[in-house]
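A.B. asks:
Residue numbers (this note's numbering): 342 to 970.
1. Output the residue ranges of the beta strand (DSSP E) runs that lie fully inside the region 579-606 and measure 3 residues or longer, sorted by chain position.
2. Note the first and the last residue of the continuous alpha helix (DSSP H) segment covering residue 756.
3. With three or more C-beta pairs closer than 8 Å as the rule, is the region 343-352 touching the region 434-441?
4. Could you work out which residue in 500, 727, 633 and 911 is closest to residue 577 when comparing CA atoms only?
5. Residue 374 to residue 504, Cα distance in whole Å?
6. Once you ignore the five residues that flank residue 695 on each side, which residues in its own chain have a CB closer than 7 Å to its CB?
7. Which runs of the alpha helix (DSSP H) spanning at least 4 residues fall entirely within the region 453-503, listed in chain order?
8. Residue 648 and residue 597 - do their beta-carbons sit closer together than 7 Å?
9. In whole angstroms, what is the alpha-carbon distance linking residue 560 and residue 588?
10. Can you tell me whether residue 406 is helix, strand or coil according to DSSP?
11. Return the bridge partner residues of residue 620 from the DSSP annotation.
12. What is the rounded straight-line gap between the Cα of residue 382 and the Cα of residue 361?
13. DSSP beta-bridge partners for residue 703?
14. Could you spell out the range, first to last residue, of the beta strand (DSSP E) harbouring residue 717?
15. With burial defined as no fewer than 16 other Cβ atoms inside 10 Å of the residue's Cβ, what is the status of residue 747: buried or exposed?
16. Assign residue 493 to one of two classes, buried (16 or more other C-beta atoms within 10 Å of its C-beta) or exposed (fewer than that).
17. Could you work out which residue in 583, 933 and 712 is closest to residue 658 when comparing CA atoms only?
18. Looking at the structure shown, is residue 721 part of a helix, part of a strand, or coil, going by DSSP?
19. Based on DSSP bridge pairs, tell me the residues matched to residue 863.
20. Could you check how far apart the C-beta atoms of residue 775 and residue 667 are, in whole angstroms? I think they sit under 8 Å.
21. Assuming residue 661 is part of the alpha helix (DSSP H), what are its boundary residues?
22. Give me, in chain order, the residues of the same chain whose beta-carbon lies closer than 7 Å to that of residue 450; leave out the 5 immediate sequence neighbours on both sides.
23. Below 7 Å between beta carbons: does that hold for residue 568 and residue 625?
24. Can you tell me which of 752, 476 and 682 puts its alpha carbon nearest to the alpha carbon of residue 734?
25. Name the DSSP bridge partner or partners of residue 746?
26. Please say whether residue 442 and residue 481 have beta carbons closer to each other than 7 Å?
27. Return the Cβ separation of residue 917 and residue 898 in integer angstroms, given the expectation that the two are a contact with Cβ distance under 8 Å.
28. Here's the rule: buried if 16 or more other CB atoms are within 10 angstroms of the residue's CB, otherwise exposed. What is residue 574?
29. If we require 3 or more residues per run, which beta strand (DSSP E) segments fall completely within the region 793-871?
30. Please classify residue 907 as buried or exposed, where buried requires at least 16 neighbouring CB atoms within 10 angstroms.
31. Taking the beta carbon of residue 650 as the centre, do at least 16 other beta carbons fall within 10 Å, making it buried, or is it exposed?
32. Need the endpoints of the alpha helix (DSSP H) that residue 362 sits in, please.
33. With burial defined as no fewer than 16 other Cβ atoms inside 10 Å of the residue's Cβ, what is the status of residue 533: buried or exposed?
34. Let's see if you can read the secondary structure: which residues bound the alpha helix (DSSP H) around residue 913?
35. Taking the beta carbon of residue 719 as the centre, do at least 16 other beta carbons fall within 10 Å, making it buried, or is it exposed?
36. Report all residues from its chain with a CB closer than 8 Å to the CB of residue 824; omit the five preceding and five following residues, and keep chain order.
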């Protein structure tokens, strides 16, 4: 295919603004999928995606329309999967920005627009859901014009559900979308966006002094293809999703991964329509797949450059910055017999999820397990559900925590992923915790409640800007305080009208302490948490009350305590079951009664010394819902 007849584009939007539905209509109109095979959210192939109604994994598909080859990548909308969006943007030249006609611009809309602008993409604005009674096209048009600086007639109003005006979107991709461009400058990582980069497009001076984008490379350039996603197929091996920037990759070619320095064979190449459609070769400018003979995706990392062994390229394409997780939780099998199964299951999921990090962990109470790193709570919830459903595992998941940087007295630094890893405080000079920059878009009349919530979370609000009847609050807050119930509280305070987006900002030194929880005098490391000293007393009282509700009563009294070092800051007591040992004795025999009660008291004291308290799995996630209200 002539690169001038190729358009590579993706769809970006806030959650539930209609990306996947628009992709469905495009495939229907272009005849990519027959009507009898058509179903809603066709590109969301994962069971969880269809059940939750969200996109989790990016999905490429090739369409043909009016003599053009259109390569679409459908992207997720949730902030936890923004690294999937940034990877998609690197493989395309244009982006369709979808905005809901009833909700207008939301927090993740802004985040995705910033990513697309930084990557120098051509943005095609689309207003969706104009068929709904609550649609306000004029108001949303003004918001988009103010955001992008475009003309109102450049915005296409559509209904992805009914298919109204979707052909105009396809025409706009052909007319306004950019041809595949050749990247020749090294891209520098853009801090703050996981995996994001500034798009370095070389520019040549024109005669009038302005700059012109460099088009595709010469036909005889060494082959270079960017791996923007990969997964492991049990029957076929590692499958790579690639964008060809130079040259071509034929079937059965010997390929070389430039960063990993591994060799393989392209057993099959082709495009996705959306099922695999094999062809003889992938050409410059195209997006497609390569089935390899590799046994692990670690041999062909996302962001690596694929070239040919017989005529290798000398300079690799700039890859992606490694995505580092900042939410950690312990995953333990209920039965230790399942530890090996858990480890194998996580290894399989990590093959297709480059953001997943894990390492072995051992707990005296829970046994052997894994400490797994995620990009957010939704990411954690998705992985937990996949482990339980797809691998039939029964799991105990501990309270999520973030990572901390600890400066020791000898000025060396270590990173800890849970409170249990914190060294003795006598050896610690300072503790740094991650802070985030956040954006909240909400109705103007709800600002006061949300500002109070930010202050409660030790946050600092920076500024407030207004967009007609809505406001944009920019704030900073510690990541740890947003992990548990911040999003739920935000939705509750704003009746569901607020949208929230965040990115990691930096690490700051704070007065942090480790709060331990003791059950029956025994310290349970898996329950330990890090928090600010000013919040420790309140959190200690809250958590001990919660533990009292979930830990069952025993035949003896059980003390629940929260402590900082040797200082007890909170206590609750679970009362003992009382068995009436005097029921068969005549009421007048007081000496016999006293003797039996004393014997029962000694027995309970012995049980208290040697008894084992059964701690249910709910106790380890008690921090996820701190507030009863």
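Ideal Cβ positions, reconstructed from N, Cα and C, are used throughout, including at glycine.
C.D. replies: Per the coordinate set shown:
1. 595-598
2. Element bounds for residue 756: not the alpha helix (DSSP H) but the beta strand (DSSP E), 754-757.
3. yes
4. 633
5. 15 Å
6. 643 and 664
7. Positions of the alpha helix (DSSP H) runs, each at least 4 residues long and wholly inside the region 453-503, are given as 478-489 in order along the chain.
8. yes
9. Annotation note: pLDDT 48 at residue 560 (below 50); position unreliable, coordinate value reported separately. Taking the straight line from one Cα to the other gives about 6 Å.
10. strand
11. 610
12. Caution applies to residue 382, whose pLDDT of 47 falls short of 50 and renders its modelled position unreliable; the value that the coordinates give is listed next. Counting only the Cα atoms, residue 361 lies some 5 Å from residue 382.
13. 709
14. Neither: residue 717 is in no beta strand (DSSP E) and is coded neither H nor E.
15. Here residue 747 is buried, its C-beta having at least 16 other C-beta atoms within 10 Å.
16. It is exposed - the Cβ of residue 493 has fewer than 16 other Cβ atoms within 10 Å.
17. 583
18. Of the three classes helix, strand and coil, the one that applies to residue 721 here is helix, per DSSP.
19. 860
20. 6 Å
21. That residue, residue 661, is in no alpha helix (DSSP H); it is neither H nor E in DSSP.
22. 354, 355 and 440
23. Their beta carbons are not under 7 Å apart, which means residue 568 does not touch residue 625 by this criterion.
24. 682
25. 756 and 773
26. yes
27. 5 Å
28. exposed
29. 801-808, 811-819, 840-851 and 853-860
30. exposed
31. Burial state of residue 650 is exposed, judged by a 10 Å Cβ sphere holding fewer than 16 other Cβ atoms.
32. For residue 362, the enclosing alpha helix (DSSP H) starts and ends at 360-370.
33. In this prediction, residue 533 scores a pLDDT of 34, lower than 50, which makes its location untrustworthy; the coordinate-derived value is nonetheless stated afterwards. When all chains shown are included, residue 533 counts as exposed.
34. Taken as a continuous stretch (DSSP letters only), residue 913 belongs to no alpha helix (DSSP H), being part of the beta strand (DSSP E) at 908-915.
35. Note on residue 719: 16 or more other CB atoms within 10 angstroms of its CB, so buried under the neighbour-count rule.
36. 668, 718, 741, 742 and 743
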